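Visitor:
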Amino acid sequence: MSDNIQKRKFKLFDIWKRVADLFVPAPNKKRLRDLMAEICLVTEPRKIVSIDLSEISRFFDPKGVAVLLGEIFRRLEAEASERYYRGEPLINLLVVVDEAHRFIPSGKIEDEDAANLKATLVRASRETKKFGLGWLFVSTSTAGLEPEVLKQMRIYFFGYGLCWGAELRALRDLIGEERSIDLYRTFRDPATLIAMGGRNTRPWCMVRSHLFQQQGHRCSSRH
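In the working numbering, the protein residues as written are 10 to 232.
#1: Looking only at its chain, what residues have a beta carbon closer than 8 Å to the beta carbon of Lys72, apart from the 5 residues adjacent to it on each side?
#2: Which whole-angstrom value is the C-beta distance of Phe146 and Leu126, which I expect to be below 8 Å?
#3: Quick test of your reading: Glu86 and Thr137, contact by CB under 8 Å. State the CB separation rounded to the nearest angstrom.
#4: So, are the CB atoms of Leu180 and Phe196 less than 8 Å apart?
#5: Below 6 Å CB to CB, which residues in the same chain sit around Ser134 once its five sequence neighbours on both sides are set aside?
#6: Could you check the C-alpha separation between Leu78 and Leu21 for me, to the nearest Å?
#7: With DSSP as the reference, label Leu142 as helix, strand or coil.
#8: Can you tell me which of Glu176, Ala46, Ile184 and Tyr169 puts its alpha carbon nearest to the alpha carbon of Thr201?
#9: With C-beta atoms as the reference, is Glu176 less than 8 Å away from Ser115?
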């Protein structure tokens with residue numbers, strides 16, 4: 010019995026230590042409000058701020074990540090709207106969300122925090138353009154993303170890998186023109202081209218925008 014109690018104590022200690030470590034002062038740590046001030050500072054040259062959540066994901070479940078991201082996005086949205094309504098210079102900020110299918114998946118989300126995060130992103134993608142706050146969502150899936158967010162996007166970049174099943178249907182819904190779908194389906198797998206010795210071959214992507222006609226375009230070898 011005592012061994013089991015001791016194991017439970019160690020387990021609880023380990024859980025709480027992860028939380029407590031977040032509040033330990035360290036030179037490389039920043040408060041969220043300081044980070045927000047740095048991101049929103051309208052000076053030249055503007056800073057590129059990357060928020061790496063991989064370490065947090067190792068110690069916390071997706072619920073903790075959803076809470077943190079939701080707070081960051083809501084603060085950005087509030088700051089952008091306040092500047093707009095006060096008549097101040099726009100925030101002029103682009104937020105890039107990688108692995109977007111994790112945060113704005115299609116369909117209903119049961120977890121409350123994840124659902125709140127999704128609702129924040131859906132609302133922001135619809136309402137913050139006039140505030141000078143833009144959104145770029147990066148994902149390997151089109152079918153797995155919330156359709157309401159996809160509808161709000163003004164420019165789409167489609168790389169290889171959406172030629173089958175639900176992905177192709179979602180692509181067809183977004184593009185609409187069958188001739189463009191036919192063009193997209195001529196794209197070849199970059200990994201296959203490299204395996205065949207074409208190391209200098211640049212992969213294709215399709216650009217779709219309300220501002221100009223979509224085109225098949227070779228990506229730069231630097232990308």
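Beta carbons: idealized from backbone N, C-alpha and C, even for Gly.
The structure presented is a predicted model; accordingly, all values stated were derived computationally and were not measured.
Guide: For this structure:
#1: By 1-based counting over the sequence shown, the position of residue 72 is 63. Cβ within range, chain order: Asp120, Asp122 and Ala123.
#2: Mapped onto the sequence shown, residue 146 falls at position 137. Mapped onto the sequence shown, residue 126 falls at position 117. In fact, because the Cβ distance is near 13 Å, the residues do not count as touching under 8 Å.
#3: On the sequence shown, residue 86 is found 77 positions in, with the first residue counted as 1. On the sequence shown, residue 137 is found 128 positions in, with the first residue counted as 1. Between Thr137 and Glu86 the Cβ distance is about 6 Å, and since that is below 8 Å, they are a contact.
#4: The residue you call residue 180 lines up with position 171 of the sequence shown. The residue you call residue 196 lines up with position 187 of the sequence shown. No.
#5: The residue given as residue 134 occupies position 125 in the sequence shown. If we look at Ser134 and ignore the five residues flanking it on each side, its Cβ neighbours are Trp144, Val158 and Gln161.
#6: In the sequence shown, the residue the question calls residue 78 occupies position 69. In the sequence shown, the residue the question calls residue 21 occupies position 12. Using only the alpha carbons, I get a separation of about 26 Å.
#7: Numbered from its first residue, the sequence shown carries residue 142 at position 133. Leu142 falls in the strand class under three-state DSSP.
#8: If you number the sequence shown from 1, residue 201 lands on position 192. Nearest C-alpha to Thr201: Tyr169.
#9: For the purposes of this step, residue 176 is taken as residue 167 along the sequence shown, with counting starting at 1. For the purposes of this step, residue 115 is taken as residue 106 along the sequence shown, with counting starting at 1. For Glu176 and Ser115, no; Cβs fall outside 8 Å.
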